[in-house]
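Encoded as structure tokens, the structure appears first; notes follow it.
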Amino acid sequence: MTAVAAHDHHDDHHHAPHGLKRWLFSTNHKDIGTLYLWFSFAMFMVGGLMALVIRAELMYPGMQVVDPEFFNQMTTVHGLIMVFGAVMPATVGLANWMIPLMIGAPDMALPRMNNWSFWILPFAFTILIGSVLMSAFAEGNPSAPNFGWTFYAPLSTTYGPASTDLFILSVHMMGISSIMGAINVIVTVLNMRAPGMTLMKMPLFVWTWLITAFLLVAVMPVLAGAVTMMLTDRHFGTSFFDAAGGGDPVLFQHIFWFFGHPEVYIMILPSFGIVSAIIPTFARKPLFGYASMVYATASIALLSFVVWAHHMFTVGMPLAGMLFFMYMTMLISVPTGVKVFNWVATMWRGSITFELPMKWALAFVILFTCGGLSGLMLAITPADFQYHDTYFVVAHFHYVLVSGAIFSIFAAAYYWLPKWSGVMPNTFLGELHFWNSLLSVNLLFFPMHFVGLAGMPRRYADYALQFADYNWWISIGAFWFGISQLIFVAVCVLCAMKKGEKAPASPWEGAEGLEWTVPSPAPFHTFDTPPVVK
Amino acid sequence: MAEKMTKYYVPDSSPWPLSASIGLFLIAIGGANFIQQSTEFGQNTLRNTGTWGQYPLILGALWLIAVLFFWWRDTIRESVNGLHSDQLGGSYRQGMIWFIFSEVMFFGALFGALFYTRWLIIPWLGGEGSNAMTHEILWPDFQAIWPLTTAPDGRTTQVMGAWGLPAINTAILIVSSITLTIAHHALVAGERGKLILFQGLTIVLGLIFLSLQALEYVHAYDMGLTLDAGMYGSLFFFLTGFHGIHVTLGTIMLIVMFFRILKGHFSKENHFAYEATAWYWHFVDIVWLFLFVVVYWL
Amino acid sequence: MQSTLFRRVVSALSLLLVSGAGVASDWADRSNLNLRPGVTEISQDVFGLHMTILWVVTVIGLLVFGLIMYSAVAHRRSKNPNPSQFHEHVGLEVFWTVVPFFILIAMAFPATRVLISMDDTSDAELTIKVTGYRWNWSYEYLAWKDDNDIGVFFFSNLKTPPEQYERPILSGGLFPHGTAQQRVDAERPAKDADYMLAVDRPLVIPAGIKVRFLITADDVIHSWFMPDFAIKKDAIPGFINEVWTVVPEDATGVYYGQCAELCGRNHAFMPIEVHVVPQDEFETWIAEEKEKAASGPDLTPFASLDVAMQLGQEKYAAACALCHGANGQGGIGLPFAGTDFMKNPERLQDNIDVLIKGRNAMPAFAAQLTPREIAAVITYQRNAFGNETGDLVQPADVAK
Ligand code: HEA
Ligand code: HEA
Ligand code: CUA
Ligand SMILES: [Cu+2]
């Protein structure tokens with residue numbers, strides 16, 4: 080009986096399910112990818128609005144808009160949402176859409192688990208955003224998480240607000256989601272490649288995601304361990320982060336950053352893959368140094384396990400520890416440099432055109448390098464004593480995250496939207512989006528280097544007068560950048576409504592890869608019978 | 026049993042993932058609220074606000090169990106009906122291996138905390154390295170010894186010896202790994218009687234382990250080794266406790282496999298779930314060996 | 012608005028222009044663009060290191076961007092319609108792996124040297140214990156030359172009066188309950204030049220002498236950040252971190268710092284002020300302070316309500332207003348304006364007890380304030396904010 084039923088079901092694979100069920104119960108990698116992408120975009124908006132609250136407050140010295148307590152909640156939740164809600168789900172969405180298409184697989188290896196990975200997220204973020212809404216609207220303004228996205232103990236344990244417990248469990252949920260998502264990617268890549276698609280023939284995006292997924296499986300459980308210790312320290316009397324019982328607040332930081340540093344590469348490695356797909360296409364020239372790109376990515380990932388304490392130079396580590404972590408951190412520049420130089424060499428003597436994806440990709444290479452170079456400065460321990468916990472650090476990580484990760488995600492969107500939607504993204508709006516973002520992002524984040532060097536600490540709700548002028552400019556940049564993103568909403572909505580020039584199967588002249596062999600928009604099921612790769 | 030699929034099996038849309046997420050959501054909000062009403066709160070925080078957490082918590086847990094039951098029921102049906110290709114079997118196996126790897130990293134974090142405490146925190150509090158002042162000014166009476174029987178603030182506790190129950194438990198787990206391997210071989214060799222016998226034996230050994238562990242906890246609390254007895258107690262219960270939770274899970278899995286064996290679900294070629302359970306059990310075993318050496322013995 | 016905008020655009024552009032042109036000459040003085048060189052040998056070493064790496068990365072960056080720009084222009088399709096197809100070159104790849112590696116090694120040497128010299132806290136002549144609290148610092152002089160029994164200890168609070176910063180439109184969440192309109196209506200006075208930097212009791216140290224700071228915290232992690240000494244060290248509850256400095260003889264003066272680790276609501280409101288004085292001046296200062304500390308609390312009664320109110324107002328602004336609001340309207344702490352607790356004479360003793368012993372999130376002030384100051388603050392609470400009870404609390408009432 081069940082056999083018959085199952086076979087029946089199998090037959091209607093050829094036409095897509097309709098209505099709400101299609102999205103809620105999906106096992107289709109494209110639909111789940113779409114869900115991930117929309118979700119992450121929504122989170123980018125929410126996190127961005129919180130950033131604007133921060134910037135509105137910091138526009139002038141003195142408390143202007145919100146209470147310092149609420150300011151801290153904004154900083155915290157902005158960081159958490161952008162990291163776990165915007166960047167990570169966006170790259171998972173891209174992985175979902177593109178990896179099966181790129182390796183010629185019918186779907187992700189474990190489609191139901193794939194849907195579970197996604198659906199955990201809206202609930203986890205409902206919890207997190209819910210506590211912010213409580214703080215904003217409910218009588219008595221109960222605090223939302225207010226201890227920074229790094230939630231150092233004992234600020235988050237002994238002194239954490241009641242909502243910390245909700246926060247801990249929502250982090251557990253995000254961890255479960257990420258681990259399952261990552262396992263899915265690894266298994267898909269290792270087990271589902273079309274015949275002839277050897278590892279060293281895979282597109283770099285697949286490679287970078289494979290390595291990213293490995294990092295995720297390795298470090299998300301460590302984060303789970305950290306928050307679990309927090310929970311028991313708060314409620315069951317354990318003393319992990321309390322010297323009085325033989326623990327150490329710094330132990331928390333070690334565990335957190337053992338997760339946290341690989342986490343930042345989790346956010347950037349897929350970007351490297353995206354850019355490595357786009358630049359060859361528009362330079363009409365094969366990627367330079369494919370093999371060294373793969374090895375460089377792997378080296379970055381491995382090194383990322385032994386640099387974590389560069390976030391903790393000021394906690395009073397022994398000298399030998401500081402030296403070790405300084406040297407290891409500096410070393411990461413070498414493989415990253417290899418990637419940058421390979422991109423430059425790919426462009427070299429190519430035949431370059433500057434369609435939208437290429438514009439974003441180039442902006443990525445330049446601005447990410449800026450962020451990387453300031454990262455290198457931060458790695459120099461004695462200098463970091465001056466930079467640490469100032470806006471110089473904030474400038475560094477927004478360069479690698481906003482003009483890095485986010486820009487590359489825009490590049491990916493403009494590159495693959497024709498494949499997803501079947502229509503070309505609107506060029507006029509796209510150009511407007513690009514140029515406004517490019518200019519405003521620098522107005523927003525470049526002066527942060529200045530105030531940071533001048534000594535303005537981060538996570539400050541108010542500041543001394545010598546920081547006033549630049550902060551005004553930074554805020555102007557923030558509002559400009561924020562409004563520019565509304566243009567992208569229009570671009571996406573137009574594509575989703577299929578308004579625009581129809582896209583051929585391969586809209587970009589120089590593009591190569593299996594994803595361009597299927598029609599645009601990609602049909603509901605692709606590669607039911609695997610293609611053969613020569 | 027039907028013919029094996031050659032094509033990769035992509036399941037039809039399924040309500041279980043979304044439902045399972047709802048279960049997790051209920052557990053999270055219920056758990057957070059429940060934990061606040063049932064325990065002391067740290068200083069300087071808002072007062073306890075929990076009043077209703079147990080309802081969503083219990084509902085969510087039952088819900089999740091039910092959902093997983095239906096989910097796996099679907100999977101088992103597909104498998105029994107031959108919808109699973111060998112390639113899917115590969116996906117399952119690799120997925121399980123990476124899941125176990127993530128568990129290894131979780132325990133890695135806990136062991137890391139243990140080593141950090143023993144090798145760094147405790148000596149530092151005792152004045153080593155550049156921490157002479159930490160010792161002299163903040164904790165002048167503190168003695169850096171491990172196991173930490175006297176915490177810096179003067180709380181005292183007792184040490185759990187290695188050669189009583191823990192040693193017996195070690196033996197039990199090692200034997201259980203052997204019996205499980207025998208059962209596994211019996212499954213592959215098609216010797217059903219032997220399979221049932223040794224599978225049952227493994228389950229019994231798992232249950233004995235858990236009972237002894239519970240006994241040990243009672244004993245620990247009697248002699249003052251508690252969760253809030255300082256870092257020694259924290260680490261002791263964290264490591265053995267999380268291991269214990271994993272043994273519990275492993276035992277449940279073994280029991281489920283037992284019934285599936287009785288129902289004749291497994292064949293020589295097609296017994297992924299059994300294999301996964303076996304891997305999990307061995308993993309839990311290895312963690313214990315490690316734990317026995319660094320928590321109890323050294 | 013528009014004219015302000017215009018002015019800012021012009022001034023910023025000209026500033027950027029100037030800074031680009033005159034790099035070498037006065038780069039160092041322009042503290043709001045670049046790192047502060049600071050005044051100690053170490054801080055100047057760090058500044059040198061910073062400038063070296065800044066130039067190194069700038070040059071590398073310009074090189075990379077130059078190549079990209081050149082390629083983008085020279086190898087665009089209209090110029091170069093037939094792309095070449097090379098995609099491997101072992102020599103090149105080895106080259107750009109090895110060269111950065113050597114650049115890094117060259118950077119690591121000076122970094123290591125500076126780091127090692129910072130690490131040596133031995134042979135200090137003055138030892139001061141610095142403790143971070145939510146949200147102020149305390150300083151305890153532990154040893155001066157051969158004297159290990161100084162007993163000088165005090166707290167150091169933000170001096171900027173709350174009227175200068177307090178008035179968020181949406182205080183307490185996005186939609187406040189009750190107080191927003193009041194705050195919007197309130198006038199905010201002009202800000203002092205040392206806004207958010209000055210404290211009521213600065214730390215005093217001698218010039219030309221190696222000072223060792225023992226840094227710790229009482230509650231959460233703080234970080235003691237003095238840019239001009241190139242010191243930033245986390246204050247970790249339960250542990251003591253050591254740092255040191257020698258401020259040259261010719262660099263006496265006032266230096267400011269801030270808390271650099273998120274420590275809760277008022278993280279931005281616990282600055283550091285250090286007065287570096289000549290040695291002889293320090294000798295007299297420490298002797299006086301020692302004597303004061305030894306002679307026990309000053310319990311002379313207040314001559315009048317006004318005297319008490321004046322001291323009380325000062326101390327209230329420094330120690331209480333952060334939590335209870337400049338006008339006693341409440342915040343983290345409970346409100347005072349017109350509450351029963353303030354106006355009911357039977358609760359006077361409770362009022363004293365709460366201050367001395369603390370309660371929940373309300374810190375104990377027995378160590379932070381003298382009995383005289385506590386008495387003054389309570390007097391102030393009970394007469395300001397429209398409470399007008401007329402209670403005059405005397406130091407002796409508090410000391411018993
Ligand atoms: C996508 C995220 C991302 C990426 C890719 C990076 C990349 C790097 N980061 Fe960054 N970092 C963050 C996100 C990221 N970081 C975040 C979020 C924080 C703050 C967390 C918090 O506290 O909240 C942080 C903080 C941070 C700190 C701690 C600062 C402090 O708190 O005091 C340090 C210190 O070493 C650091 C270093 C580096 C280095 C060396 C790299 C390197 O990987 C960069 C390598 C790249 C280049 C160097 C450029 C290209 C190379 C060449 C052109 C070759 C030639 C160059 C040379 C040989 C010089 N980062
Ligand atoms: C990928 C990660 C990511 C991204 C994309 C961003 C994006 C932005 N961040 Fe980010 N930020 C972090 C990660 C990120 N941030 C992290 C990890 C921290 C550290 C947190 C901590 O200290 O704990 C941090 C901290 C941080 C600070 C320091 C706060 C503090 O120390 O107190 C500031 C201050 O300016 C800031 C600003 C911004 C701005 C203006 C943007 C902008 O790019 C946002 C632009 C987007 C929008 C504005 C939304 C879209 C527009 C609309 C919804 C329309 C409405 C708009 C208008 C009407 C104008 N961020
Ligand atoms: Cu104290 Cu920040
Ligand atoms: Cu890092």
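Chains as they are written, first to last, in this note's numbering: chain A, 80 to 613; chain B, 26 to 323; chain C, 12 to 411.
Cβ coordinates follow ideal geometry from the N, Cα and C atoms, glycine included.
Could you check where the beta strand (DSSP E) with Val-254 (chain C) kicks off and where it finishes?
As a first step, residue 254 (chain C) must be located in the third sequence, where it is residue number 243. Element bounds for Val-254 (chain C): 252 to 256.
Let me know the secondary structure DSSP gives Met-527 (chain A) once reduced to three states.
For the purposes of this step, residue 527 (chain A) is taken as residue 448 along the first sequence, with counting starting at 1. DSSP places Met-527 (chain A) in helix when its eight states are reduced to three.
Between Thr-393 (chain A) and Asp-245 (chain C), is the Cβ-Cβ spacing less than 8 Å?
Along the first sequence, one-based indexing puts residue 393 (chain A) at 314. Along the third sequence, one-based indexing puts residue 245 (chain C) at 234. Their beta carbons are under 8 Å apart, which means Thr-393 (chain A) touches Asp-245 (chain C) by this criterion.
Within the 8 Å Cβ cut-off, does Val-444 (chain A) reach chain C?
To locate residue 444 (chain A), count along the first sequence from 1; it is residue 365. At least one chain C Cβ lies under 8 Å of Val-444 (chain A).
Applying the 10 Å Cβ sphere with the 16-neighbour rule, what's the burial state of Phe-120 (chain C)?
The residue you call residue 120 (chain C) lines up with position 109 of the third sequence. With fewer than 16 Cβ atoms within 10 Å of its Cβ, Phe-120 (chain C) is classed as exposed.
Could you give the C-beta distance for Gly-501 (chain A) and Lys-581 (chain A), rounded to a whole number, given that I count them as a contact under 8 Å?
As a working note, residue 501 (chain A) is residue 422 in the first sequence. As a working note, residue 581 (chain A) is residue 502 in the first sequence. Between Lys-581 (chain A) and Gly-501 (chain A) the Cβ distance is about 7 Å, and since that is below 8 Å, they are a contact.
Kindly indicate if chain C contains any beta-carbon less than 8 Å away from that of Met-142 (chain A).
By 1-based counting over the first sequence, the position of residue 142 (chain A) is 63. True, the Cβ-Cβ gap to chain C drops below 8 Å.
Given that Thr-286 (chain C) touches chain A, what residues does it touch there, using C-beta distances under 7 Å?
By 1-based counting over the third sequence, the position of residue 286 (chain C) is 275. Before going further, note that residue 286 (chain C) is His rather than Thr in the sequence given. Chain A residues near His-286 (chain C): none, gap ~18 Å exceeds 7 Å.
Report the CB separation of Leu-214 (chain C) from Ser-167 (chain C) in whole angstroms; it is logged as a contact under 8 Å.
By 1-based counting over the third sequence, the position of residue 214 (chain C) is 203. By 1-based counting over the third sequence, the position of residue 167 (chain C) is 156. Contact holds; Cβ gap of about 7 Å.
In the DSSP assignment, find the unbroken beta strand (DSSP E) run with Gly-143 (chain C) in it and report its ends.
Taking the third sequence and counting its residues from 1, the one referred to as residue 143 (chain C) is at position 132. Taken as a continuous stretch (DSSP letters only), the beta strand (DSSP E) holding Gly-143 (chain C) covers 137 to 144.
Could I get the ranges of all uninterrupted alpha helix (DSSP H) runs contained in the stretch 479 to 513 of chain A, with 4 residues as the minimum, in chain order?
For the stretch 479 to 513 of chain A, whole alpha helix (DSSP H) runs of length 4 or above, ordered along the chain, are 486 to 500.
Below 7 Å, is the gap between the Cβ of Gly-143 (chain C) and the nearest heavy atom of ligand 3?
By 1-based counting over the third sequence, the position of residue 143 (chain C) is 132. True, at least one ligand heavy atom lies under 7 Å from that Cβ.
Using the beta-carbon of each residue, which ones in chain C are nearer than 8 Å to Asn-151 (chain A)?
Position 72 of the first sequence, counted from the first residue, corresponds to residue 151 (chain A). Residues of chain C passing the Cβ test: Leu-273, Gly-275, Arg-276 and His-278.
What residues of chain A sit near Ala-45 (chain B), judged by a beta carbon separation below 7 Å?
As a first step, residue 45 (chain B) is located in the second sequence; it is residue number 20 there, counting from the start. The answer, in chain order, is Trp-195.
Check Cys-4 (chain C) in the structure and name its three-state DSSP category.
Beyond the ends of chain C as shown, which are 12 and 411, falls residue 4 (chain C); an answer cannot be given.
If we call anything under 8 Å between Cβ atoms a contact, is Ser-242 (chain A) one with Ser-196 (chain A)?
Reading the first sequence from its first residue, position 163 is the one you call residue 242 (chain A). Reading the first sequence from its first residue, position 117 is the one you call residue 196 (chain A). No; because the gap between Cβ atoms is not below 8 Å, this pair is not in contact.
With a threshold of 7 Å (Cβ to nearest heavy atom), would Arg-134 (chain A) be considered close to ligand 2?
Position 55 of the first sequence, counting from 1, holds the residue named residue 134 (chain A). Indeed, a heavy atom of ligand 2 lies less than 7 Å from the Cβ.
What residue range is occupied by the uninterrupted alpha helix (DSSP H) comprising Asp-111 (chain B)?
Here residue 111 (chain B) is taken as the residue at index 86 of the second sequence, counted from 1. Looking at the DSSP string, the run of the alpha helix (DSSP H) that includes Asp-111 (chain B) is 111 to 141.
Since His-176 (chain C) meets chain A, which of its residues come closer than 8 Å, beta carbon to beta carbon?
Taking the first residue of the third sequence as position 1, residue 176 (chain C) is located at position 165. It is Tyr, not His, that sits at residue 176 (chain C) in the sequence shown. Within 8 Å Cβ-Cβ: Pro-140, Gly-141, Met-142 and Asp-541.
Per the contact definition of three or more C-beta pairs closer than 8 Å, is the stretch 126 to 144 of chain A in contact with the stretch 449 to 459 of chain A?
The stretch 449 to 459 of chain A vs the stretch 126 to 144 of chain A: no contact.
So is Ser-315 (chain C) in contact with chain A if we call contact Cβ pairs under 8 Å?
Here residue 315 (chain C) refers to the residue found at position 304 of the third sequence. So, not an interface residue.
Going by beta-carbon coordinates alone, are Ser-82 (chain C) and Trp-439 (chain A) separated by less than 8 Å?
Counted from its first residue, the third sequence places residue 82 (chain C) at position 71. Counted from its first residue, the first sequence places residue 439 (chain A) at position 360. No, these two residues do not count as a Cβ contact at 8 Å.
What are the start and end residues of the alpha helix (DSSP H) that includes Val-50 (chain C)?
Along the third sequence, read from residue 1 onward, the residue named residue 50 (chain C) stands at position 39. Neither: Val-50 (chain C) is in no alpha helix (DSSP H) and is coded neither H nor E.
Taking only runs that begin and end inside the stretch 298 to 337 of chain C, name each unbroken alpha helix (DSSP H) of 4 or more residues, in chain order.
Listed in chain order, the complete alpha helix (DSSP H) runs (minimum 4 residues) inside the stretch 298 to 337 of chain C are 316 to 326 and 332 to 335.
From the DSSP output, in three-state form, read off Trp-595 (chain A) for me.
In the first sequence, residue 595 (chain A) corresponds to position 516, counting from 1. Three-state result, Trp-595 (chain A): helix.
Are there 16 or more other CB atoms within 10 angstroms of the CB of Ser-599 (chain A), so buried, or fewer, so exposed?
As a first step, residue 599 (chain A) is located in the first sequence; it is residue number 520 there, counting from the start. Its Cβ being crowded by 16 or more others within 10 Å, Ser-599 (chain A) is buried.
Following a CB-centred definition, is Asn-386 (chain A) positioned closer than 7 Å to any heavy atom of ligand 4?
For the purposes of this step, residue 386 (chain A) is taken as residue 307 along the first sequence, with counting starting at 1. It is worth fixing the name first, because residue 386 (chain A) is Val in this sequence and not Asn. It does: the Cβ of Val-386 (chain A) is within 7 Å (strictly closer) of some heavy atom of ligand 4.
Residues of chain B with CB under 8 Å from Ile-251 (chain C), in chain order?
Numbered from 1 along the third sequence, position 240 holds the residue referred to as residue 251 (chain C). Neighbours of Ile-251 (chain C) on chain B, chain order: Asn-156, Met-158, Thr-159, Ile-162 and Leu-163.
Can you tell me where the alpha helix (DSSP H) with Tyr-206 (chain C) in it begins and where it stops?
Numbered from its first residue, the third sequence carries residue 206 (chain C) at position 195. No alpha helix (DSSP H) contains Tyr-206 (chain C), which DSSP labels as neither H nor E.
What are the boundary residues of the beta strand (DSSP E) that includes Thr-227 (chain C)?
Taking the third sequence and counting its residues from 1, one reaches residue 227 (chain C) at position 216. 222 to 228 is the span of the beta strand (DSSP E), which, as asked, contains Thr-227 (chain C).
How is the alpha helix (DSSP H) around Phe-197 (chain A) delimited, first residue to last?
The sequence position of residue 197 (chain A) within the first sequence is 118, counting from 1. Residues 190 to 216.
Using a C-beta to C-beta distance shorter than 8 Å, which residues of chain B count as neighbours of His-389 (chain A)?
Your numbering for residue 389 (chain A) matches position 310 in the first sequence. Result: empty, since nearest Cβ-Cβ is about 18 Å, beyond 8 Å.
If I follow the unbroken beta strand (DSSP E) through Pro-217 (chain C), where does it start and stop?
Looking up residue 217 (chain C) in the third sequence gives position 206. Note, Pro-217 (chain C): beta strand (DSSP E), 214 to 217.
In whole angstroms, what is the alpha-carbon distance linking Asp-244 (chain A) and Ile-83 (chain B)?
Translated into the one-based positions of the first sequence, residue 244 (chain A) becomes position 165. Translated into the one-based positions of the second sequence, residue 83 (chain B) becomes position 58. Roughly 17 Å between the two C-alpha positions.
What three-state label does DSSP hand Val-266 (chain A) in the structure shown?
Here the question's residue 266 (chain A) lines up with position 187 in the first sequence. It is helical.
What does His-233 (chain C) pair with, by DSSP beta-bridge criteria?
Counting from one through the third sequence, the residue named residue 233 (chain C) turns up at place 222. The partner list for His-233 (chain C) (beta bridge, DSSP) reads C:Ala-246.
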